[in-house]
Amino acid sequence: MEDNFKFRGRRRILALNLKKKGIVNKQIIKSIKSIPRHLFVDPGLSEHAYFDKALPIKSNQTISQPFTVAFQTQLLNPVSGEKILEIGTGSGYQTSILCFLKVDVYTIERNHNLFRSTSKLFNKLNVNPVRFKYGDGYKGLLDDSPFDGIIITAGSPIVPEELLKQLKVGGRMVVPIGKETQVMTKITRISVNNFKKETFGNFKFVPMLEKKD
Ligand code: SAH
Numbered sequence: 418m419e420d421n422f423k424f425r426g427r428r429r430i431l432a433l434n435l436k437k438k439g440i441v442n443k444q445i446i447k448s449i450k451s452i453p454r455h456l457f458v459d460p461g462l463s464e465h466a467y468f469d470k471a472l473p474i475k476s477n478q479t480i481s482q483p484f485t486v487a488f489q490t491q492l493l494n495p496v497s498g499e500k501i502l503e504i505g506t507g508s509g510y511q512t513s514i515l516c517f518l519k520v521d522v523y524t525i526e527r528n529h530n531l532f533r534s535t536s537k538l539f540n541k542l543n544v545n546p547v548r549f550k551y552g553d554g555y556k557g558l559l560d561d562s563p564f565d566g567i568i569i570t571a572g573s574p575i576v577p578e579e580l581l582k583q584l585k586v587g588g589r590m591v592v593p594i595g596k597e598t599q600v601m602t603k604i605t606r607i608s609v610n611n612f613k614k615e616t617f618g619n620f621k622f623v624p625m626l627e628k629k630d
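Take 418 as the starting number for the sequence shown in the numbering used here and just add one per residue.
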């Protein structure tokens, strides 16, 4: 399955839709128009790839709704050249958006099945995160820290303390917090010991789980 005019047209409509819903960052809109989301889902679902909805991927996980991906990215506000850690690679769609924004992406996936298939997809599509690790995101990547930004794409019941430590001063974390439903939360490290917390409404994510699978 390759890209074609039909899918490109649908991406333009999706991008317009996201603009209407409040995505003002031009580079993010451009990334939505450019990245072939249909290649990140099972071929049987490609016709559904450009509706603004979450879809199932392998191992009982989901590719987030395009609005959610764009909204989290807009909150993170990554600037070209920054170092960003993503927790929950999943299909790799969010990773590709970040790579499109020319940031140095580090990404962690705990599920081995997804880790394997998404590694292959990255090779095929020439998506190049600096590092793609099979591991437990709660631990972060101490050796590669500190990060300008951390984006968590699974619902975390608590603020992951270890990850806060891996943020630069001035760095931000975007994390959906909660069990059944989650509150989108942005935490900015304003000094070594001080963090500012802002919230941005309710969302629904698959849970962030401990340990590898
Ligand atoms: N960003 C993904 C969203 C995938 S859903 C996308 O665009 O497709 C969330 C993902 O987080 C799942 O793949 C799940 O396996 C992964 N995950 C859950 N807990 C994790 C953890 N502790 N560490 C790393 N990945 C985790």
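All C-beta atoms, glycine included, are put in the ideal place defined by N, C-alpha and C.
May I ask whether a heavy atom of ligand 1 can be found less than 6 Å away from the beta carbon of residue i?
i      : result
Ile480 : yes
Glu526 : yes
Thr605 : no
Ile449 : no
Val623 : yes
Gln511 : yes
Leu626 : yes
Tyr523 : no
Ser508 : yes
Ile440 : no
Leu531 : yes
Gly505 : yes
Thr490 : no
Ala432 : no
Tyr467 : no
Ala471 : no
Ala571 : yes
Gly554 : yes
Over the uninterrupted alpha helix (DSSP H) stretch that includes residue i, give me the two end residues.
i      : result
Phe484 : Pro483 to Leu493
Gly426 : Phe422 to Lys437
Lys450 : Lys443 to Ser451
Ile514 : Tyr510 to Phe517
What are the residues that DSSP puts in a beta bridge with residue i?
i      : result
Met601 : Pro593
Tyr551 : Glu526
Pro574 : In DSSP, Pro574 forms no bridge with anything.
Phe620 : Gln599
Ser608 : Asn611
Thr479 : Pro473
Asp521 : Lys500
Leu584 : Phe564
Return the first residue and the last residue of the beta strand (DSSP E) that residue i is part of.
i      : result
Asn540 : That residue, Asn540, is in no beta strand (DSSP E); its alpha helix (DSSP H) goes His529 to Leu542.
Gly566 : Phe564 to Ile569
Leu502 : Lys500 to Ile504
Indicate whether residue i and residue j have their beta-carbon atoms separated by less than 7 Å.
i      : j      : result
Thr490 : Ile514 : yes
Ser562 : Met625 : no
Asp553 : Glu499 : no
Ser476 : Asn530 : yes
Val522 : Thr512 : yes
Lys450 : Arg428 : yes
Ile445 : Ala432 : no
Val618 : Met601 : The question names Val, but residue 618 in the sequence shown is Gly. Cβ atoms of Gly618 and Met601: closer than 7 Å.
Thr614 : Ile604 : Before going further, note that residue 614 is Lys rather than Thr in the sequence given. Closer than 7 Å, so yes.
Ala471 : Leu435 : no
Arg527 : Lys629 : yes
Thr479 : Val623 : yes
Ile569 : Val592 : yes
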